[in-house]
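Visitor: Mind the numbering: the sequence shown is residues 0 to 303 in numbering that gives the first Met the number 0, read in order. Questions regarding the structure given below will be posed in turn.
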Amino acid sequence: MNNRTIMMLGTAAVGLFGTGALALPQFVDWSPPINLASLPGSSGAISTPAVDGCVSWARDGLSLYFTSNRPRANGASDFDIYVATRPSRDVGFGAVTRLPAPINRDGSDEFCPTVATGNRLYFSSTKVDPLGDIYVTQRRPGGWTEPEHLGPNINGPGIDETPTFYEDDEGRTVMIYSRRPTTVASGFILMSIDGGPAVLLPGAVNVAGANNRPTVTRDGKTLYFDTTRFTAPNNVDLAVATRTSLSQPFDNVVHLSALSGPGFDARPALSFDGRTLAFSSVRAGNPSPAPDIWITSRDKAHGN
């Protein structure tokens, strides 16, 4: 995939998150996290003893894409991408569907989806690189298109995953994502402008610990991610970094200690309206020691 194609896809993806000119409303604090399966009307298939997590919201909040290695009918337990749906935001998620080929494939892992406008889906796959590269596909009337590899400007040595987008003050598409070796206690966050060569994200995000799986707000001023900087080397917690303008780096990094549990907490995914944060977590309330999907919510502050 060439730079122009990546730029065009990224520009389309920005439509999901908005632009830097659009300021987000102010919010009150996050509520105590709850297991996604505890929402009224939730399907029993949402939460399983297998790994369930690394989620991404559809813009309308009615579809949630996630990763799971739950056993399939043929006995395989590769990581695959699933989608759960619901009829309204007032109820839990019901039906859970494994995405078809050419997204999920036998013999490889597909994981960490990112939903984008234009019926596009970014995700990581081990079908070529055994660690995982980022691909993009588009849903059309005849089904999903053959996934396209984002190319060497984006993909490199290690696990490349969780792209997230915003538009800067010059109208350029900025893609932020993470790359990590195979160990939990490693990783860093990268950025690419208009599909150009990726560089380390400037500022304080990468200065300590392993930092992975980012989600940027649609105004480009707030970045949620997971990190080991605040706890033991192999314990992953949630964090948020902020800045006052797009011309500045992310320098204010805060530990989301009220949302993080004593175990693994990763891939915070913000809904389009900014009111719900989903993440993967290992904590009491899960059906097994494997990660499960948890959510927290917040209301707009008065006057917004």
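The beta-carbon is built from N, C-alpha and C at its ideal position, and this holds for glycine as well.
Counting C-beta neighbours from all protein chains within 10 Å, is the total for residue 198 16 or more, i.e. buried, or is it exposed?
Guide: Residue 198 should be labelled exposed.
Visitor: Kindly indicate which three-state DSSP category residue 300 falls into: helix, strand or coil?
Guide: Coil, per DSSP.
Visitor: Going by the CB atoms, is the gap between residue 146 and residue 102 shorter than 8 Å?
Guide: Cβ distance < 8 Å, so residue 102 and residue 146 count as in contact.
Visitor: In chain order, what residues of the same chain have a beta carbon less than 7 Å from the beta carbon of residue 269, not counting five sequence neighbours either side?
Guide: Contacts found: 214, 216, 223 and 276.
Visitor: What are the residues that DSSP puts in a beta bridge with residue 80?
Guide: According to DSSP, which records beta bridges pairwise, residue 80 is partnered with 66.
Visitor: Is DSSP giving residue 256 helix, strand or coil here?
Guide: DSSP places residue 256 in coil when its eight states are reduced to three.
Visitor: I need the straight-line Cα distance from residue 156 to residue 38, nearest angstrom please.
Guide: Spanning the two alpha carbons is a distance of roughly 39 Å.
Visitor: From residue 252 to residue 207, what distance separates their C-alpha atoms?
Guide: Roughly 11 Å separates the two Cα atoms.
Visitor: The beta strand (DSSP E) that contains residue 179, what's its start and end?
Guide: First-last of the beta strand (DSSP E) with residue 179: 172 to 179.
Visitor: Below 8 Å between beta carbons: does that hold for residue 123 and residue 107?
Guide: Their beta carbons are not under 8 Å apart, which means residue 123 does not touch residue 107 by this criterion.
Visitor: Quick one: give me the first and last residue of the beta strand (DSSP E) that residue 162 is part of.
Guide: Counting along the chain, the beta strand (DSSP E) containing residue 162 begins and ends at 158 to 166.
Visitor: Would you mind working out which of 30, 249 and 284 sits nearest residue 202, comparing C-alpha positions?
Guide: Cα-wise, what sits closest to residue 202 is 249.
Visitor: Using three-state DSSP, classify residue 287 as helix, strand or coil.
Guide: It is coil, neither helix nor strand.
Visitor: Verify whether the separation of the beta carbon atoms of residue 153 and residue 191 is less than 8 Å.
Guide: Yes; because the gap between Cβ atoms is below 8 Å, this pair is in contact.
Visitor: Is it buried or exposed for residue 117, if we count other Cβ within 10 angstroms and need 16 for buried?
Guide: With fewer than 16 other Cβ atoms within 10 Å, it is exposed.
Visitor: I'd like to check one pair, residue 293 with residue 34: are the Cβ atoms closer than 8 Å?
Guide: Yes, they are a contact pair.
Visitor: Taking residue 226 and residue 238 to be in contact with their CB atoms under 8 Å, please state how far apart those CB atoms are, rounded to whole angstroms.
Guide: So it is a contact: roughly 5 Å between Cβ atoms.
Visitor: Note down the Cα distance separating residue 40 from residue 86, rounded to an integer number of angstroms.
Guide: Spanning the two alpha carbons is a distance of roughly 11 Å.
Visitor: Starting from residue 114, trace the beta strand (DSSP E) in both directions and tell me its first and last residue.
Guide: That run of the beta strand (DSSP E) goes 109 to 115.
Visitor: Is residue 37 helix, strand or coil by DSSP?
Guide: Residue 37 falls in the helix class under three-state DSSP.
Visitor: Using 10 angstroms around the beta-carbon of residue 243, count the other beta-carbons present and answer buried if the total reaches 16, otherwise exposed.
Guide: Classification of residue 243: exposed, given that the 10 Å Cβ count is below 16.
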